[in-house]
DNA sequence: TTTAATTGATAGTAATACTGTTATATTTGC
DNA sequence: GCAAATATAACAGTATTACTATCAATTAAA
């Protein structure tokens, strides 16, 4: 994965940012340390002022890249899902067996990230933890319909759709392909959260993974 | 349901509040209009000051009932899950057929609330919408482990456990009963959200319900 | 090297999330 | 029915948040 992606840029809907953080050194520092600080203190306590202190830069400079911390979260989540989508497409496109293909796809969308290797300034392991803990907050807002119209969630929706299409290929008669696909992706994040904080209501732990659970669930349902 | 519950009090872990809102007229007004205001402007914009204005009462008076708006949310969510748990226990305890019992249980935890009838000052229809839109925010915090230790999530966990036990009864060999139970409950909220805001990634709409999807999913998996 | 663009420093504002104090109601116990 | 206890309202005050605006200092591009 490392070399394959070295000159590839993950693209995020342009309206999310005021100025592309990939276009400058400061922008990249905002992303890099934004990820680290959100993971460290949580999104709710995170402020641009604190991030400014951390990167030795000014609060107002950060505002020139993102209107608000909410937009920064939208940027990070879009980036993350685009990255997952890339992996999904890349890892499944040359698998001819449709069952194996869906199996691989489920693995990619449900696994936890263990290696930080692909992009220089983005720690994917920590970003994955942010997605687990904060992703819901990006859409559970009163502005969700307006922001959806602006295209802020296209990447996520496209990912779900790709998974749905693979489900349909396996069993075209199955009535709930979209719901199953969205349940797998959202549900995996939830199971990862539960294994870290509410162990009593999940079977996932160090030996059993969300991937196993959702693979079993999917193929039992589609058979 | 109306008469049966008329002298029943839903009980919420005591540490959540400073003073029991059920113990006074002001307390009940806080709950009643808190629900309405959170639904109206969203939890993120909701403040005790605004609620004070709405109920013609003082901000500092509300603080004598709840430490913070986060605690109010914990109160409302605990109340909601306790109410669902009551319905689950009540509606399933005299069903001897285990399959029918689980079917009923899934219906209760996944359906959307259409009637506001049981408790005078609590609008369950609107509370259900709040749960769909805001429940995740009650646990996706840096304080979740500390608050879990304090018992703030016991009711929710007990509900998931009850559903898990019914799943186990149907198929004792199934390995993922806890994960399936937590996926049904959390996943249903998510599907309700999707049908309102991201229609393209769900099959649920006016004719197809989350209940149908999760019933089908569960029994296909356990068979 | 001049100009343009970017960043940093500083100031300022309205709102948030509280805490504290004191006065005024309201309830309760006798 | 009245005093004492309790609850609520009104007001003041604080640190922080989530920005916006202005202008000076750097840095990059033509």
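Protein chains in written order, with this note's numbering: chain B, 1 to 223; chain F, 1 to 223. We treat Cβ as the ideally placed atom computed from N, Cα and C, and that holds for glycine. Model, not experiment: these values are computed from the prediction.
Interface residue (Cβ-Cβ distance to chain F less than 9 Å): residue 110(B) is not classified as such. Approximately 6 Å separates the beta-carbon atoms of residue 78(B) and residue 13(B); this is inside 8 Å, confirming the contact. When Cβ-Cβ separations below 9 Å define contact, residue 178(F) makes contact with chain B.
The residue among 173(B), 197(B) and 112(B) with its C-alpha nearest the C-alpha of residue 212(B) is 112(B). Comparing C-alpha distances from residue 8(B) to each of 110(B), 151(B), 90(B) and 186(B) shows the shortest one belongs to 90(B).
By the rule that beta-carbons nearer than 9 Å mark a contact, residue 129(B) does not touch chain F.
The contact set of residue 141(F) on chain B, defined by CB atoms closer than 8 Å, consists of 42 and 44 in chain order.
For residue 76(B), the nearest beta carbon of chain F is not closer than 9 Å to its own beta carbon. For residue 198(B), the C-beta contacts it makes with chain F under 9 Å involve 139, 144, 148, 153, 156, 157, 160 and 182, in order along the chain. If you check the CB distance, residue 160(B) and residue 188(B) do not come in under 9 Å.
For the pair residue 136(B) and residue 136(F), the Cα-to-Cα distance works out to about 7 Å.
DSSP, reduced to helix, strand and coil, places residue 21(B) within a helical segment of the structure shown. In the structure shown, residue 209(F) falls within a coil segment according to DSSP collapsed to helix, strand and coil.
Taking the Cα positions, residue 83(B) is about 43 Å away from residue 100(F). In the same chain as residue 121(B), and ignoring 5 residues on each side of it, the C-beta atoms closer than 7 Å to its own belong to 28, 31 and 32, in chain order. Pairing residue 149(F) with residue 44(B) gives a Cβ-Cβ distance that is not under 9 Å. Any Cβ of chain F closer than 9 Å to the Cβ of residue 175(B) would place that residue at the interface, and such an atom is present. The three-state reading of DSSP puts residue 88(F) in helix, counting H, G and I together. Cβ neighbours of residue 164(B) within its own chain (closer than 6 Å, five residues either side excluded): 177, 178 and 181.
Burial state of residue 97(F) is exposed, judged by a 10 Å Cβ sphere holding fewer than 16 other Cβ atoms. Taking 9 Å as the CB threshold, residue 194(B) lines the interface with chain F. Restricting attention to 167(F), 193(F) and 205(F), the CA atom closest to the CA of residue 218(F) is found in 167(F). The beta carbon of residue 59(B) sits closer than 6 Å to those of 48, 49 and 52, all from its chain and outside the five residues before and after it, given in chain order. Under the three-state reduction of DSSP output, residue 161(F) falls in the helix class. Between residue 76(B) and residue 130(B), the C-beta spacing is below 9 Å.
Straight through space, the alpha carbons of residue 205(F) and residue 85(B) are spaced by roughly 27 Å.
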